[in-house]
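Undergrad: Supplied in structure tokens, the structure appears directly below.
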Amino acid sequence: MTYQLYRNTTLGNTLQESLDELIQIQQISPNLALRVLLQFDRAINQALATKVRTKISFKASKLNTYRFCDNVWTFLMSDVEFKEVQDFAQVDKLKIVACDGRGEDTRQR
Amino acid sequence: MEVSAEQVEQAVVEFYRDPVAKSGLNTWLMQAQHSRHSWTFAWPLLDPRKPEEVQFFAGNTVYMKVSRYWHEVPKEEYEPLKIKILNLIAQYSNSKVVLNRLVKSLGAYVIHTIQHDWTTAIQDIITMFDPGTVPGIEPSTALNLLFSILTIIPEELETMQEAMSINSKDKQVITAAVRNSHQSVLSLISQVMQAAQISNVIKEVVLKTLNAWLKLSLPLSETRDLLVALIPYSNYALLCEPVMEALRTAVTDVGTYNIPNTVMDFVTQMLRLRPVLEEAQHANDENTASLVYSLFTSVVECHSRLLLQCALQAEHQATVVQVVALLLQCAATPGQYPTDETTSNIPFAVWFTIQDDIMTFEGEQQAELLQLFQPVYLKLVDTFIQKSLLPPDNALSAEEKEMFRCYRQDICDTYMYAYYVLRGDMLSHLEVHLKDAVVKMQSDPTDWRYLEAVLHAYSSVAETVAETDNFYVPRFIQSIPQIPFSDNIQLISVALTTLGAYADWLNYHQDHMHHVIPLMVEGLVNASLVGAASQALRDLTLECPLTISPFSQPILTSCQRALEQSRLDSAETERIMTIISRVLSVGKDQPTIMTYLNATLTPYISRLSQLKDLMGSGLSREQHNELVSLLKLLSCMSRHLNLNNTAVEEDDDEDGTTRRHSQAVSGGPQPLLLVLQQLMPLLSAIASKASTDQEVIEALCKLLKNSISTLVDDCVAILPAILEIIPQLYEASLNPAILDLVKQLVILFGREGSQEANMGVLLRMVTTTTLSRASTDLWAHTDAVHGCLALLTASFKKTPNLVSAHHNHVAPLFHLGVEALKLPEEGTVRSAGHFLSSFILLSRDASIGCLQPVVAHNTETLLRTLMFCICNSPRHSLSSFSDVLSALCKMYGDDLTRTFKTVQADESFLSPRVTAQHKEEFAKKVLKNRGSKRRILEAVTDLALIGRGLAGTDYGAQTRGFH
Numbered sequence: 000m001t002y003q004l005y006r007n008t009t010l011g012n013t014l015q016e017s018l019d020e021l022i023q024i025q026q027i028s029p030n031l032a033l034r035v036l037l038q039f040d041r042a043i044n045q046a047l048a049t050k051v052r053t054k055i056s057f058k059a060s061k062l063n064t065y066r067f068c069d070n071v072w073t074f075l076m077s078d079v080e081f082k083e084v085q086d087f088a089q090v091d092k093l094k095i096v097a098c099d100g101r102g103e104d105t106r107q108r
Numbered sequence: 000m001e002v003s004a005e006q007v008e009q010a011v012v013e014f015y016r017d018p019v020a021k022s023g024l025n026t027w028l029m030q031a032q033h034s035r036h037s038w039t040f041a042w043p044l045l046d047p048r049k050p051e052e053v054q055f056f057a058g059n060t061v062y063m064k065v066s067r068y069w070h071e072v073p074k075e076e077y078e079p080l081k082i083k084i085l086n087l088i089a090q091y092s093n094s095k096v097v098l099n100r101l102v103k104s105l106g107a108y109v110i111h112t113i114q115h116d117w118t119t120a121i122q123d124i125i126t127m128f129d130p131g132t133v134p135g136i137e138p139s140t141a142l143n144l145l146f147s148i149l150t151i152i153p154e155e156l157e158t159m160q161e162a163m164s165i166n167s168k169d170k171q172v173i174t175a176a177v178r179n180s181h182q183s184v185l186s187l188i189s190q191v192m193q194a195a196q197i198s199n200v201i202k203e204v205v206l207k208t209l210n211a212w213l214k215l216s217l218p219l220s221e222t223r224d225l226l227v228a229l230i231p232y233s234n235y236a237l238l239c240e241p242v243m244e245a246l247r248t249a250v251t252d253v254g255t256y257n258i259p260n261t262v263m264d265f266v267t268q269m270l271r272l273r274p275v276l277e278e279a280q281h282a283n284d285e286n287t288a289s290l291v292y293s294l295f296t297s298v299v300e301c302h303s304r305l306l307l308q309c310a311l312q313a314e315h316q317a318t319v320v321q322v323v324a325l326l327l328q329c330a331a332t333p334g335q336y337p338t339d340e341t342t343s344n345i346p347f348a349v350w351f352t353i354q355d356d357i358m359t360f361e362g363e364q365q366a367e368l369l370q371l372f373q374p375v376y377l378k379l380v381d382t383f384i385q386k387s388l389l390p391p392d393n394a395l396s397a398e399e400k401e402m403f404r405c406y407r408q409d410i411c412d413t414y415m416y417a418y419y420v421l422r423g424d425m426l427s428h429l430e431v432h433l434k435d436a437v438v439k440m441q442s443d444p445t446d447w448r449y450l451e452a453v454l455h456a457y458s459s460v461a462e463t464v465a466e467t468d469n470f471y472v473p474r475f476i477q478s479i480p481q482i483p484f485s486d487n488i489q490l491i492s493v494a495l496t497t498l499g500a501y502a503d504w505l506n507y508h509q510d511h512m513h514h515v516i517p518l519m520v521e522g523l524v525n526a527s528l529v530g531a532a533s534q535a536l537r538d539l540t541l542e543c544p545l546t547i548s549p550f551s552q553p554i555l556t557s558c559q560r561a562l563e564q565s566r567l568d569s570a571e572t573e574r575i576m577t578i579i580s581r582v583l584s585v586g587k588d589q590p591t592i593m594t595y596l597n598a599t600l601t602p603y604i605s606r607l608s609q610l611k612d613l614m615g616s617g618l619s620r621e622q623h624n625e626l627v628s629l630l631k632l633l634s635c636m637s638r639h640l641n642l643n644n645t646a647v648e649e650d651d652d653e654d655g656t657t658r659r660h661s662q663a664v665s666g667g668p669q670p671l672l673l674v675l676q677q678l679m680p681l682l683s684a685i686a687s688k689a690s691t692d693q694e695v696i697e698a699l700c701k702l703l704k705n706s707i708s709t710l711v712d713d714c715v716a717i718l719p720a721i722l723e724i725i726p727q728l729y730e731a732s733l734n735p736a737i738l739d740l741v742k743q744l745v746i747l748f749g750r751e752g753s754q755e756a757n758m759g760v761l762l763r764m765v766t767t768t769t770l771s772r773a774s775t776d777l778w779a780h781t782d783a784v785h786g787c788l789a790l791l792t793a794s795f796k797k798t799p800n801l802v803s804a805h806h807n808h809v810a811p812l813f814h815l816g817v818e819a820l821k822l823p824e825e826g827t828v829r830s831a832g833h834f835l836s837s838f839i840l841l842s843r844d845a846s847i848g849c850l851q852p853v854v855a856h857n858t859e860t861l862l863r864t865l866m867f868c869i870c871n872s873p874r875h876s877l878s879s880f881s882d883v884l885s886a887l888c889k890m891y892g893d894d895l896t897r898t899f900k901t902v903q904a905d906e907s908f909l910s911p912r913v914t915a916q917h918k919e920e921f922a923k924k925v926l927k928n929r930g931s932k933r934r935i936l937e938a939v940t941d942l943a944l945i946g947r948g949l950a951g952t953d954y955g956a957q958t959r960g961f962h
């Protein structure tokens with residue numbers, strides 16, 4: 000499963016900035032940069048699917064918007080409390096973008 | 000540059016010998032490699048008499064030239080080049096490192112020529128390297144070589160798009176051309192695998208070749224016989240993994256979705272692996288067992304819906320049942336995870352997939368599947384209870400404990416999926432386990448792990464059952480007081496956590512509350528249980544603000560005792576303060592609340608006051624932490640002690656259950672206000688003494704922010720004190736938490752007649768301080784700039800009267816926004832973008848006349864900054880730049896046309912990558928699409944790619960939409 004949505008994370012953005020810079024100073028070719036980016040997509044999808052075992056639950060005071068488009072769920076919430084075992088975190092606004100976490104092969108059916 | 004083989008040889012040798020000259024030589028060698036001369040100098044260097052590193056460099060050069068510089072090869076040179084590579088492969092057949100480069104070169108050559116020039120490449124290679132006929136090479140070496148080449152060709156296909164600049168359309172055509180030769184490759188593989196005299200080492204290479212070719216999506220109908228014939232080879236340790244890999248590649252290929260019958264037939268054949276599995280289990284060979292289980296896990300994950308459809312057909316049902324039974328057997332692998340075994344975790348994902356796919360069936364089909372899988376999931380529950388038993392203390396190392404925690408988490412998730420299939424049957428099943436566990440515990444109190452595992456299962460499904468179950472959950476809750484916990488701390492902790500998880504259910508079943516409260520309140524006064532008990536009660540008070548009200552007295556008493564008796568950590572104290580605040584917020588009169596609060600808070604406030612006095616002489620680290628914890632404690636109270644938040648609204652469900660919800664208002668001043676009125680002088684004193692302590696400032700601001708959120712308009716009474724604290728803090732420390740607090744106040748009171756002037760003063764103080772302190776070094780104060788611009792944006796939207804009231808600040812603030820666009824932090828740039836857009840959009844408003852001249856005088860500066868940032872700043876900020884440009888276009892279209900011309904005339908601006916023509920095209924696109932934010936963003940993205948030299952590249956195209 001290789002979604003590209005993780006490119007728009009701190010890690011993904013930073014990688015792309017670095018790749019942009021390396022291309023501009025001619026240390027790597029755009030083709031190699033693309034290869035790195037595709038590898039990033041594969042690696043982060045794989046890692047998040049298989050390595051993460053932390054369970055965080057959350058409760059929102061209000062679900063402002065929700066939509067399901069192109070197999071992607073989006074939720075916009077406000078006044079959200081996250082709970083991880085005995086730790087709490089409070090955020091004013093939360094946006095969740097959720098894709099089907101199952102394997103690419105399964106989704107292609 | 001003219002480059003000779005001798006120069007290259009010398010440079011490579013020097014490169015490895017002289018670390019000082021390494022960097023310069025590397026650049027020179029790379030240039031040499033990319034030059035046309037490398038076609039000439041590489042060949043003489045591929046001489047076994049040359050140093051090895053020189054030969055490797057030459058081999059690598061040949062590969063790079065053939066793969067990436069194919070366009071430099073004239074057609075008449077194709078054949079001589081092929082002969083050269085083939086001869087070198089024969090020559091280097093025993094030198095692994097250089098040979099690998101040469102084999103890859105041949106692979107790249109085949110990919111470039113198979114379409115038109117060497118259509119029989121695969122067959123020719125098979126003939127050329129036939130071990131029986133190839134001269135001068137050992138038959139086994141020739142065979143190894145042949146399969147290495149045959150493996151490399153499909154592998155090179157995978158990378159050719161990036162490495163060889165071949166577009167995806169050509170890639171498809173070339174892949175088809177290679178795939179056309181698959182029969183001869185499969186036939187060769189079949190022959191070699193059957194040949195008894197060939198070693199398993201060679202057969203392993205052959206299987207890797209097969210796997211590489213299977214990845215080309217070969218039809219399963221053609222590969223099936225060969226694959227089935229391979230199953231017996233999985234008995235050999237060396238071959239087991241490549242055989243499994245080949246089977247997996249074939250059966251999970253995308254093409255198999257169109258041939259369900261073939262797949263089912265193949266899966267039935269795959270069950271012949273069971274003897275292999277049994278033998279592996281007999282021999283304690285976990286590796287082989289894992290490989291077989293992983294293969295079947297992949298089959299189910301990939302074809303679960305097909306398997307479920309087949310499970311409804313009599314002729315295939317047995318196969319499906321056997322496959323699922325195999326995975327159930329895997330989950331039940333005996334022994335402790337992860338010390339005795341590491342296979343039972345393999346099929347976790349399968350149980351979700353099956354459950355998820357069963358739910359996609361409808362009506363009778365779903366009912367039939369649920370019936371078929373009911374015993375499977377019940378058995379799974381039994382298995383998980385056994386597998387999740389906690390090991391004896393100290394049986395696992397720290398790392399193993401973490402693995403086991405993850406394993407239990409996966410079990411926890413899978414219980415949830417099992418519940419969707421089993422519903423009441425699962426709870427009934429758990430009830431049987433609970434009774435057994437209680438009996439065991441009664442006969443032997445040391446045998447508590449079984450009971451703990453059952454409670455863990457109950458807690459896993461707590462949120463899933465929610466309020467829907469009215470039969471089994473009540474029985475479980477009622478049984479809690481009967482459980483013989485024998486003062487077992489670990490067990491009671493789990494019971495408390497489990498009950499906390501049922502808080503939502505309890506909110507709808509008030510009549511069961513009395514079964515759970517005693518355990519929780521007792522837990523609060525036990526130092527070992529206070530963590531779990533406070534957690535559970537906090538959940539309960541948050542979920543059931545009203546239903547818990549009748550139990551407020553014992554809860555408050557226990558909370559009070561807990562605070563007095565135990566040495567609590569700050570998280571526990573905060574949770575207890577939350578419980579107290581929530582319980583006091585419902586159904587209590589003000590004198591009662593105040594009496595209780597006075598008793599509870601007095602020691603904390605006294606201590607806070609002591610710490611304040613000590614601040615003059617400097618606090619120790621512990622005292623400082625204590626001060627912050629106390630402020631956080633009060634912050635918890637200010638968030639949750641709210642009488643206006645809870646009241647009763649009753650309605651009856653169809654089933655007669657009474658539902659209670661929150662909402663409504665009470666009269667009289669809020670107790671929180673009364674507390675804060677007493678507290679404010681102390682907070683002011685702390686603020687004046689800790690005005691540069693970031694941790695204290697943040698805790699203090701959070702406390703004030705929570706108080707304002709709770710009290711809303713009622714906080715006017717303490718507003719003068721707050722307005723005194725804020726300037727003290729901000730002038731000493733540009734902490735963004737203060738700006739957040741100011742934003743809240745400005746939004747709340749900025750339009751209220753009596754406070755408008757105060758809010759104006761506050762805003763002016765913030766802007767003056769930010770401009771004077773941050774403007775000189777934006778990079779050092781990026782968070783303050785971010786906060787200040789966010790505050791001003793909110794003020795533009797909610798209270799524009801406040802911003803425009805201070806004319807002399809408007810121009811410097813606009814400049815601050817423009818300068819902030821150049822900062823690297825995404826949040827600050829976004830904040831600056833919002834600020835500038837709001838500024839520009841508001842500037843044409845006749846009632847706020849002071850903004851328009853500022854924009855008009857600074858259009859060119861803004862446009863230059865935007866274009867510079869578009870070409871140079873991180874690309875995730877492009878949408879912010881585009882928003883400002885859109886606003887400028889919308890409100891100052893004519894000015895912008897003129898400004899664009901001025902900027903275009905400046906040839907040095909953004910050169911050399913962005914030419915005058917690029918600038919002109921950009922201006923045209925922006926001005927033409929002034930009504931469309933999306934098109935302006937497209938124009939901005941195009942300019943960003945040009946500015947980075949990425950326009951026209953696949954990388955640029957792939958990454959243009961990520962912001």
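Protein sequences, first through last, are from chains S and D. In terms of numbering that gives the first Met the number 0, the first sequence opens at residue 0 and continues consecutively. In terms of numbering that gives the first Met the number 0, the second sequence opens at residue 0 and continues consecutively. Glycine included, C-beta positions come from ideal geometry on N, C-alpha and C. Remember, predicted model here, so these are calculated numbers, not experimental data.
(1) Tell me which residue opens and which closes the alpha helix (DSSP H) that asparagine 199 of chain D is part of.
(2) So if I threshold CB-CB distances at 7 angstroms, which residues from the segment 563-578 of chain D count as touching chain S?
(3) Do you know how far the Cα of valine 12 of chain D is from the Cα of proline 50 of chain D?
(4) Output yes or no for whether 8 angstroms exceeds the beta carbon distance between isoleucine 875 of chain D and glutamate 920 of chain D.
(5) Please report how far the alpha carbon of alanine 855 of chain D lies from the alpha carbon of lysine 92 of chain S, in whole angstroms.
(6) Kindly list, in the order they appear in chain C, the residues whose Cβ is closer than 7 angstroms to that of glutamine 45 of chain S.
(7) Per DSSP, which residues does glutamine 89 of chain S bridge with? Please list them.
(8) Suppose you measure from the CA of arginine 863 of chain D to the CA of arginine 772 of chain D; what does that come to, to the nearest Å?
(9) Which residues in the same chain have their Cβ closer than 7 angstroms to the Cβ of glutamine 280 of chain D, if we skip the five residues on either side of it in sequence?
(10) Just mark serine 907 of chain D as buried or exposed, buried being the case when its beta carbon has 16 or more other beta carbons within 10 Å.
(11) Whole angstroms is fine: what's the gap from valine 760 of chain D's alpha carbon to leucine 490 of chain D's?
(12) Looking at chain D, is there any beta carbon in it that lies within less than 8 angstroms of the beta carbon of aspartate 19 of chain S?
(13) At a CB-CB cut-off below 9 angstroms, which residues of chain D make contact with lysine 54 of chain S?
(14) At least one CB of chain S closer than 8 angstroms to the CB of arginine 658 of chain D: is that the case?
(15) Helix, strand or coil for phenylalanine 67 of chain S, going by three-state DSSP, please let me know.
(16) How would you list, in chain order, the residues of chain S whose beta-carbon sits under 9 angstroms from the beta-carbon of threonine 261 of chain D?
(17) Can you tell me whether DSSP reads phenylalanine 470 of chain D as helix, strand or coil?
(18) Nearest-angstrom Cα distance between glutamine 171 of chain D and glutamine 114 of chain D?
(19) Could you tell me whether the Cβ of alanine 185 of chain S comes closer than 8 angstroms to any Cβ of chain D?
(20) When burial is assigned at 16 or more other CB atoms within 10 Å of the CB, is aspartate 654 of chain D buried or exposed?
(21) Would threonine 140 of chain D pass as an interface residue toward chain S - the criterion being a Cβ-Cβ separation below 8 angstroms?
(22) In chain order, what residues of the same chain have a beta carbon less than 8 angstroms from the beta carbon of glutamate 1 of chain D, not counting five sequence neighbours either side?
(23) Quick one, which of D/Val96, D/Ile165, D/Val177 has its alpha-carbon nearest tryptophan 117 of chain D's?
(24) Quick check on the DSSP output: what are the complete alpha helix (DSSP H) runs of length 4 or more inside the segment 7-75 of chain S, in order along the chain?
(25) Please report the straight-line C-alpha distance between aspartate 968 of chain D and glutamate 521 of chain D, rounded to a whole angstrom.
TA: Put simply:
(1) 199-213
(2) Ala570
(3) 8 angstroms
(4) Going by the sequence as given, residue 875 of chain D is histidine instead of isoleucine. Taking 8 angstroms as the Cβ cut-off, histidine 875 of chain D and glutamate 920 of chain D do not qualify as a contacting pair.
(5) 36 angstroms
(6) The displayed structure is made up of protein chains S and D, and chain C is not among them.
(7) S/Glu80
(8) If I take the Cα positions, the gap works out to 26 angstroms.
(9) Ala288
(10) exposed
(11) 59 angstroms
(12) yes
(13) Gln408, Cys411, Asp412
(14) In this prediction, arginine 658 of chain D scores a pLDDT of 35, lower than 50, which makes its location untrustworthy; no coordinate-derived value is stated.
(15) strand
(16) For threonine 261 of chain D, there are no neighbours in chain S by C-beta distance under 9 angstroms, as the nearest C-beta there is about 16 angstroms away.
(17) Three-state result, phenylalanine 470 of chain D: coil.
(18) The straight-line gap separating the alpha-carbon atoms of glutamine 171 of chain D and glutamine 114 of chain D is approximately 11 angstroms.
(19) With chain S covering 0 to 108 only, the question about residue 185 of chain S has no answer from this structure.
(20) Here aspartate 654 of chain D scores only 42 on pLDDT, less than 50, and its place in the model is too uncertain to base an answer on.
(21) No, no contact with chain S.
(22) His36
(23) If you compare the alpha carbons of D/Val96, D/Ile165, D/Val177 with that of tryptophan 117 of chain D, the shortest gap goes to D/Val177.
(24) Listed in chain order, they are 9-23, 29-49.
(25) Lying before the first or after the last residue shown, residue 968 of chain D is absent from chain D, which here runs from 0 to 962.
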